[in-house]
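Visitor: Numbering (my numbering), first residue to last: 675 to 1042. C-beta: ideal position from N, C-alpha, C; glycine also. On a predicted model such as this, the values are computed, not experimentally measured, just so you know.
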Amino acid sequence: MGFKKYLDKLVCYEAGKPIELVVRDYGIYEDDIIKLASNENPLGTPKSVIKAIKKEAKNAFRYPDDSAFELKEALSKKYRIYPSNIIIGSGSDQIIDIIIKAICNKDTKILMSSTTFAMYEIYAKQNEANIIRTKSGIHNMDEFINEYNTIKPSLVFLCLPNNPLGDCLSKDEVYKILDSVSKDCIVALDCAYNEFAKYKDKSKAIIPNELIEKYQNVVYLGTFSKLYALGGMRVGYGIATDSIIKTLSKLRPPFNITNISLKAALTAIKDKKFVEKTLKNNFKEMEVYEEFAKENNIKFIDSYTNFITFIFDDMLDSTALTNYLLKNGVIIRDLKSYRLNAIRITIGTKEQNKRVLKLISKYLHKVI
Ligand SMILES: *Cc1c(COP(=O)(O)O)cnc(C)c1O
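Next comes the structure, spelled out in structure tokens:
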């Protein structure tokens, strides 16, 4: 067949285990399953959004507003930018895809950290681009600058904060990297969790209007999937200069966001109470995990996100622990696929976290 040869080498993305699968495989009641594997908001869909979705349902027969006028207006107010500085994607995933498509082929290099968001690699491979990684898993400013100068990539990904490790460069460090990058290299700042980082430590906050005024070769990526609890609605966005947005928009599939998703995002962005509650719960409960780790001599990375990463070294096997939790109805993320003996747990509600930590504690007593 006439398919491109390199497709033979590509493998499909493997998403986290869905709840339905655990129901089927282990015979556990759906209501007894806790999923803390995909960094979803544990508070669930905001009530205001459920109402808005129901109201919008009657418009399902219509095509959505392809210009996403209302949502761009709301985002431009939030960030003090112009609607012409915004592109809306079906998740920020789609913007990552579009950026790579716009820049990369088999002769281009993309620089990223050695342990970072898996989608960069997936889309890079779909375009046959070459991936170059810094030595450290966590983002290291000097390594990024040195690697940049050595390999001169066409595209750099900074994940701020970094999924799946939780570390985050400060704004000053990011600006130092940007200062040493030439204007013909695009730098994508993946800020999927930046609202969480900003809440914990102001020095980590990336401010889109200041960013694109200072640098003309950057794209800020945001999403409604994490803080705003809309993973299933698939809404993300990119912020950049008019000129970059114009170019990226040529690759955006028409009608890529449903009218129901547009309304959901528009409603969520206005629900300040929900956002505040999410951030408060997250960092209060993060402390519970940190305390647990300290008490049990488990290494963890100081996290600026809605998840925490435990590193086990030779204490235990992360896959065995993940399977033990799964059998007991708790889904978390094993980081073996990142070549780490570690797990990533999304911070849940108080009750969920209690149950998870009780199980981990039981497991520790069993194996150690
Ligand atoms: C979740 C996530 C995204 C985007 O997710 P979408 O649902 O596609 O908006 C982007 N980057 C990182 C690092 C993420 O963790």
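For F735, which option in M815, Q890, T932 has the closest C-alpha, if you only look at C-alpha atoms?
Guide: T932
Visitor: Return the CA-CA distance between F966 and K752, expressed in angstroms with no decimal places.
Guide: So the two alpha carbons sit approximately 37 Å from each other.
Visitor: Ligand 1 and G906: does the residue's C-beta get closer than 6 Å to at least one heavy atom of that ligand?
Guide: no
Visitor: First and last residue of the beta strand (DSSP E) that includes V723?
Guide: It is not in any beta strand (DSSP E) - V723 instead sits in the alpha helix (DSSP H) that spans 721-730.
Visitor: Quick check on T921: does DSSP put it in helix, strand or coil?
Guide: helix
Visitor: Hey, would you say P838 sits closer than 7 Å to R1018, going by beta carbons?
Guide: yes
Visitor: Where does A734 fall in DSSP's three states?
Guide: coil
Visitor: Compute the Euclidean distance between the alpha carbons of F948 and L901, then round it to the nearest angstrom.
Guide: 9 Å
Visitor: What number of angstroms, rounded off, separates the C-alpha of K746 from the C-alpha of M786?
Guide: 29 Å
Visitor: Taking Cβ positions, are I769 and G912 nearer each other than 7 Å?
Guide: yes
Visitor: Compute the minimum distance between the beta carbon of T983 and the heavy atoms of ligand 1, and state whether it is under 6 Å.
Guide: no
Visitor: Reducing DSSP to helix, strand and coil, say where F929 ends up.
Guide: coil
Visitor: What are the boundary residues of the alpha helix (DSSP H) that T824 is part of?
Guide: 815-825
Visitor: Could you spell out where the alpha helix (DSSP H) holding K968 opens and where it closes?
Guide: Per DSSP, K968 belongs to the alpha helix (DSSP H) from 946-969.
Visitor: What are the boundary residues of the alpha helix (DSSP H) that includes N1027?
Guide: 1024-1041
Visitor: If contact is defined by three or more beta carbon pairs under 8 Å, each pair taking one atom from either stretch, is the segment 681-699 in contact with the segment 872-886?
Guide: no
Visitor: Going residue by residue through the segment 692-718, where are the continuous alpha helix (DSSP H) segments of at least 4 residues, counting only ones entirely within it?
Guide: 693-700
Visitor: Ignore the nearest five residues each way along the sequence and tell me which others in V962's own chain have a CB closer than 6 Å to its CB.
Guide: So the list reads N1027, once near-sequence residues are dropped.
Visitor: Quick one: what's got a C-beta closer than 6 Å to G763's C-beta in the same chain, skipping five residues either side?
Guide: Non-local C-beta neighbours of G763 in its own chain, meaning closer than 6 Å and more than five positions away in sequence, comprise I769, G910, ordered along the chain.
Visitor: Could you tell me which of N733, I727, K728, I760 sits nearest to F743, measuring between CA atoms?
Guide: Of N733, I727, K728, I760, the residue nearest in Cα terms is I760.
Visitor: Going along the chain, which residues of its own chain have a beta-carbon closer than 6 Å to the beta-carbon of G896, five neighbours each way excluded?
Guide: For G896, where only same-chain residues beyond five positions count, the Cβ hits under 6 Å are C865, Y911.
Visitor: Please look up how many angstroms separate the CB atoms of N956 and I1021, rounded, as I've assumed it's under 8 Å.
Guide: Going by Cβ atoms, the distance from N956 to I1021 rounds to 5 Å, so yes, they are a contact pair.
Visitor: Between which two residues does the beta strand (DSSP E) holding D864 run?
Guide: 860-864
Visitor: Where does the unbroken alpha helix (DSSP H) through A798 begin, and where does it stop?
Guide: 792-800
Visitor: Examine ligand 1 and report whether any of its heavy atoms sits within less than 6 Å of the Cβ of A938.
Guide: no
Visitor: Starting from the Cα of L1031, find the closest Cα among L1014, N1015, S917, Y998 and give me that residue.
Guide: Y998
Visitor: In the DSSP assignment, the alpha helix (DSSP H) including Y753 goes from what residue to what residue?
Guide: 743-753
Visitor: Among A1016, K1001, N980, I1006, which has the Cα closest to the Cα of L990?
Guide: A1016
Visitor: Under the rule that 16 or more other beta-carbon atoms within 10 Å means buried, what is E869, buried or exposed?
Guide: buried
Visitor: With K1010 and T993 assumed to form a contact (beta carbons below 8 Å), what rounded beta-carbon distance in angstroms separates them?
Guide: 5 Å
Visitor: Taking 7 Å as the cut-off, decide whether the C-beta atoms of D945 and P720 are in contact.
Guide: yes
Visitor: Pick out whichever of T790, S856, N836 has its Cα sitting closest to the Cα of L829.
Guide: S856
Visitor: What is the DSSP secondary structure of I1017, reduced to helix, strand or coil?
Guide: strand
Visitor: Looking only at its own chain, which residues have a Cβ that is under 8 Å from the Cβ of L1014, when we skip the five neighbours before and after it?
Guide: T789, G811, I985, S992
Visitor: State buried or exposed for R1007, treating a residue as buried only when at least 16 other CB atoms are found within 10 Å of its CB.
Guide: Per the 10 Å Cβ criterion, buried.
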